[in-house]
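In the UniProt record's numbering, the protein residues as written are 1 to 399. Scroll down for the structure; my scribbles are underneath it.
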Amino acid sequence: MWRRIKRIFSRASTGREHWTKERSSRRSISSLKNSTGRSDSGQEVRSFERKSASSKKGSWGLEKKADTSEDRSQRSSIAAVSTCQNNTHTAVTPHLIPIPVVTRSFWCQAVRDPEDLSRLVLVMRAGERIDRVVGKKWIQIQSKGYDKFTPVDGNLPTRVHWHKDAQLEEDSPLTTLGRHSAVLLARALYMREIRPALIVSSPALRAIQTADAIAKFLHTTFAVEEGLCEPGCWYTQCGKFALPRFLKANEMRSCNFSINLNYTPVVPSCLDKVEMERDEEQGYDRIEDLLLDLCARPRAGPLLVVGHAVTVHTAAIICDAFSSVLNPTLALEEQEGSEKRCEQVQRCLPPVELGARYPYACVIAMALNEDVGQYEYIPSLLPPLSFGDNYSNRIVLTI
1 MWRRIKRIFS RASTGREHWT KERSSRRSIS SLKNSTGRSD SGQEVRSFER KSASSKKGSW
61 GLEKKADTSE DRSQRSSIAA VSTCQNNTHT AVTPHLIPIP VVTRSFWCQA VRDPEDLSRL
121 VLVMRAGERI DRVVGKKWIQ IQSKGYDKFT PVDGNLPTRV HWHKDAQLEE DSPLTTLGRH
181 SAVLLARALY MREIRPALIV SSPALRAIQT ADAIAKFLHT TFAVEEGLCE PGCWYTQCGK
241 FALPRFLKAN EMRSCNFSIN LNYTPVVPSC LDKVEMERDE EQGYDRIEDL LLDLCARPRA
301 GPLLVVGHAV TVHTAAIICD AFSSVLNPTL ALEEQEGSEK RCEQVQRCLP PVELGARYPY
361 ACVIAMALNE DVGQYEYIPS LLPPLSFGDN YSNRIVLTI
């Protein structure tokens with residue numbers, strides 16, 4: 001028994017020595033091949049790098065100042081030429097190599113001062129809704145039961161946030177493109193280094209899904225303000241006698257929404273008052289007062305409000321966004337311009353015109369001017385979302 005164990009250990013030691021010797025011989029052969037097969041251009045590049053490294057000695061700040069973008073592009077082009085010349089199968093000339101060789105998208109930082117971020121307010125419309133694509137009876141066509149959903153169009157989601165008390169015919173969810181547009185908007189916020197300190201949503205399901213997609217992308221939560229819903233008279237004009245039953249906070253949590261349950265609304269439990277609204281003026285006044293109250297709340301960063309087209313239109317009136325349009329009818333003196341624009345801009349627009357002026361997932365940005373005490377419109381804070389030549393989420397501000 002002991003002889004057998006001793007024989008096994010001796011074989012293992014001899015095999016280990018054999019493989020170490022063979023590995024060292026392979027390394028020596030490869031090093032000889034590399035030393036003999038080097039090209040002159042590679043040696044020049046390495047000598048150039050050694051000279052530049054030896055000449056740039058000192059503090060890190062001086063070294064960074066001396067290394068300009070032209071030097072970096074020159075070194076990258078020389079290195080690319082040397083590597084391509086070593087390859088005998090391709091013939092590359094220096095002027096065909098892009099400078100820099102490796103490119104990436106660059107998004108400038110939107111706001112550099114933290115105080116400016118706390119004064120920034122973004123108001124957006126929710127994404128595309130299903131009933132505007134398929135029709136009002138979409139749930140009768142797609143649904144095969146409580147837990148089954150068979151989409152008949154590629155733009156329809158494969159799963160919907162079902163709840164036993166949800167009225168999906170009256171409170172339509174998002175389409176697939178509607179949710180993807182919310183994710184793209186969240187990516188634009190992230191690339192511009194705009195991290196909302198507070199995300200507030202309307203109680204409508206499409207707005208909740210839009211806010212949830214943005215919050216999950218940015219690893220944060222959102223809150224719900226019941227006062228951000230559309231005017232109550234719009235529901236009665238459509239032959240309805242009451243608002244749809246919106247989901248409660250605990251029901252949203254059960255549907256895996258990233259909602260903040262500790263948030264205290266500005267106007268809690270106001271849906272009964274919304275249902276009693278008989279004209280659009282009352283709805284616009286409610287939305288405007290709520291937006292101003294949300295903007296006045298202290299916060300450590302930007303505010304993102306996810307609502308409807310009427311919400312974006314109200315924000316555009318608050319920040320006087322129509323003054324940025326070069327229109328002959330608005331070419332007035334500065335003193336009379338604001339009052340005249342308020343007369344020309346119709347506050348209560350019909351829902352069809354609101355949908356055309358403020359497309360799905362459109363965003364309007366404004367910031368508080370502390371010297372004047374008013375909100376100013378910030379154009380082009382985020383890049384537009386376009387699809388071909390026929391669709392863009394740009395806001396139409398012309399009168």
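Don't be surprised by glycine CBs; every beta carbon is placed ideally from N, CA and C. Values in this document were obtained by computation on a predicted structure and should not be read as measured data.
With respect to the 7 Å criterion, R125 and C295 are not classified as neighbours on the basis of their beta carbons. The beta carbon of A182 is closer than 7 Å to those of G127, T210, A213, I214 and A361 in its chain, skipping five residues each way along the sequence.
Counting of Cβ neighbours within 10 angstroms places R297 among the exposed residues, the total staying below 16. A contact is defined here as three or more CB-CB pairs under 8 Å, and the segment 167-178 meets this definition with respect to the segment 149-156. Annotated three-state conformation of I139 is helix, per DSSP. In the three-state scheme derived from DSSP, where H, G and I count as helix and E and B as strand, V372 is classed as coil.
Between V305 and V123, the gap from beta carbon to beta carbon is short of 7 Å.
Between A315 and L354 the beta-carbon gap is near 13 Å, outside 8 Å, which marks them as no contact.
C-alpha of I208 to C-alpha of V372: approximately 34 Å in a straight line. When the alpha-carbon of A300 is set against those of E226, T220, L198 and R206, the nearest one is in L198.
Looking at the backbone, the Cα of L117 and that of L184 are separated by about 21 Å. Look at L354 here: in three-state DSSP terms it is helix.
Contact annotation: R253 and Q167 have beta-carbon atoms that are not nearer than 7 Å.
Annotation: the continuous alpha helix (DSSP H) that includes V310 extends over A309 to I318. Apart from sequence neighbours up to five positions away, the residues of its chain that approach E170 with a beta-carbon distance below 6 Å are P244, ordered along the chain.
According to the DSSP assignment, R125 belongs to the beta strand (DSSP E) that extends over L120 to R125. In this structure, DSSP gives A207 a helical state, which the three-state scheme calls helix. A186 has its alpha-carbon roughly 14 Å from the corresponding atom of N393. Out of A321, N250 and G232, the CA that lies nearest to the CA of E280 is found in G232.
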